[in-house]
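Everything below concerns the one structure shown next.
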Amino acid sequence: MESKNQLVIMEEEPEISKSKKIKGEKKEYKLMSYDELPEYMKENEYIRDHYRAEWPMKHALLSLFSWHNETLNVWTHLLGFIAFLGLTFMHLSRHVPEVADFLGHLTWSIHASTVENVSSNLGNFFEEAASLIKLPDSTTSSEWPEAAEAARWPFFVFLGGSMFCLLSSSACHLLCCHSHRLNLFLLRMDYVGIAVMIVASFFPPIYYVFQCDPHWQVTYLVAISAMGFVTVFTLLSPQLSTGEFRAYRALLFSGMGFFGFVPAVHAIVVNWGEPRRNVTLAYEAAMAASYLTGTIFYVTRVPERWKPGRFDIAGHSHQIFHLFVIAGAAAHYGAAVVFLQWRDHVRCAVGPSL
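Heads up: the sequence shown begins at -6 in the working numbering, then just goes up one per residue.
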């Protein structure tokens, strides 16, 4: 009896050791096709391959440095975030002495100065562009009494909103392959980031243009903030995060953007004779054209719709959409710089109300 039991145990040992070996093996996480994806990740049927799905957090993070169909989506907005972060540090160091002192005492101040130089060059580009397209101004700055420096917080609200949008978008595209729960959370944060960026973009123009008319200033800022809140609340629904409601989401965000025509027309009428009006209009027109064009690519899913599978890695609509978002944000930054510089030199009681 004992010998039989021993025999059974001996026969089971290979199975036990085999199971241990299988358990100890490292699982390989490979890219998969659209048809292999879990249902919650099937968002664009025209992107046929190179998907990541159900990857551990470590693998998802490391995929930042590998090729898949989200690589360029991640990097386009990550680089945009870094650029706006550099611009933020540049303006903080110029206008907030404590920040300049802090940066000067950091051990990595050499690297910080490199970022400062790059962002400074980008900032100077917009300032020089403004001087090139600005119409002749019959009123020189010397004719204006020296004004106190304008408040900087609306300008930093825009920079902060842009960075939040770009970073949340980048994180979403990088980590949404981890799990269903994280996928849903990151998609919501991505939409929140877009709404925050749109609302934040209204702050510099409305605050500086209507600084001499607090009634309209508060009215417009409260209105766009309320629209942003309603949009975010609406998009928190899990059903609205699916590809089926892509056009609906675009309509919500476009509605927020088109609201800008109301204060824009108001500002144009009030400041008809102000040459700087044409500078800011040029920038804002470029911004609107960029966002509108990007939205068209986002909704139509062109060009991958024409040749499914051809643009899986590079050239599909969402990557193009990202590039137009960055272009629009850069154009609006140029306008915000003009608004800020103008308000630094113009007092409400003396000059035109741009």
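Where is the CB? At the ideal position from N, CA and C, for every residue including glycine.
(message) Per the DSSP calculation, TYR44 is bridged to which residue(s)?
(response) Numbered from its first residue, the sequence shown carries residue 44 at position 51. Bridge partners of TYR44: MET25.
(request) Would you mind giving the Cβ-Cβ distance between ALA143 and ARG336, rounded to the nearest angstrom? I have them listed as a contact below 8 Å. (result) Your numbering for residue 143 matches position 150 in the sequence shown. Your numbering for residue 336 matches position 343 in the sequence shown. Contact between ALA143 and ARG336 holds, since their C-beta atoms are separated by about 4 Å, short of 8 Å.
(request) Specify whether the region 193 to 202 and the region 235 to 245 touch according to this definition: at least 3 beta carbon pairs, one from each stretch, less than 8 Å apart. (result) Cβ pair count under 8 Å is below three, so no.
(message) Quick check: ASP394 and GLY302, are their CB atoms within less than 9 Å of each other?
(response) Because the chain here runs from -6 to 347, residue 394 falls outside it and cannot be looked at.
(request) Give the range of the alpha helix (DSSP H) segment to which TYR33 is assigned. (result) As a working mapping, residue 33 is identified with position 40 in the sequence shown. Note, TYR33: premise wrong, no alpha helix (DSSP H); not H, not E.
(message) Going by beta-carbon coordinates alone, are THR69 and LEU316 separated by less than 9 Å?
(response) In the sequence shown, residue 69 corresponds to position 76, counting from 1. In the sequence shown, residue 316 corresponds to position 323, counting from 1. Yes, the Cβ-Cβ distance between THR69 and LEU316 is below 9 Å.
(message) If I follow the unbroken alpha helix (DSSP H) through GLY287, where does it start and stop?
(response) The sequence position of residue 287 within the sequence shown is 294, counting from 1. DSSP places GLY287 in the uninterrupted alpha helix (DSSP H) bounded by 269 to 293.
(message) Out of ASP305, ALA323, VAL189, which one is the CA nearest neighbour of PHE226?
(response) Here residue 226 refers to the residue found at position 233 when the sequence shown is read from its first residue. Of the candidates ASP305, ALA323, VAL189, the one whose C-alpha sits nearest the C-alpha of PHE226 is VAL189.
(request) Specify whether the region 170 to 185 and the region 199 to 209 touch according to this definition: at least 3 beta carbon pairs, one from each stretch, less than 8 Å apart. (result) Touching, no.
(request) Would you mind giving the Cβ-Cβ distance between PHE314 and PHE290, rounded to the nearest angstrom? I have them listed as a contact below 8 Å. (result) If you number the sequence shown from 1, residue 314 lands on position 321. If you number the sequence shown from 1, residue 290 lands on position 297. With a Cβ gap of about 5 Å, PHE314 and PHE290 count as contacting.
(request) Tell me whether PHE332 is buried or exposed, calling it buried when 16 or more other Cβ atoms sit within 10 Å of its Cβ. (result) Numbered from 1 along the sequence shown, position 339 holds the residue referred to as residue 332. Buried, by the Cβ-count rule.
(request) Select from PHE304, TYR184, LEU179 the residue whose C-alpha is nearest the C-alpha of SER155. (result) Taking the first residue of the sequence shown as 1, we reach residue 155 at position 162. SER155 has its Cα closest to that of TYR184, out of PHE304, TYR184, LEU179.
(message) Suppose you measure from the CA of TYR284 to the CA of LYS23; what does that come to, to the nearest Å?
(response) Locating residue 284 in the sequence shown gives position 291, where the first residue counts as 1. Locating residue 23 in the sequence shown gives position 30, where the first residue counts as 1. One C-alpha to the other measures close to 35 Å.
(request) Could you name each continuous alpha helix (DSSP H) segment of 4 residues or more that falls completely within the region 192 to 238, going from the start of the chain to the end? (result) DSSP assignment within the region 192 to 238 yields the following whole alpha helix (DSSP H) runs of 4 residues or more, N-terminal first: 207 to 228.
(message) Which same chain residues end up closer than 7 Å to ILE40 when comparing Cβ atoms and leaving out the 5 residues on each side of it in sequence?
(response) Within the sequence shown, residue 40 is the residue found at index 47, counting from 1. Contacts found: TYR27, ASN62, GLU297, ASP305, HIS309.
(request) Kindly indicate which three-state DSSP category ILE75 falls into: helix, strand or coil? (result) Position 82 of the sequence shown, counted from the first residue, corresponds to residue 75. Look at ILE75 here: in three-state DSSP terms it is helix.
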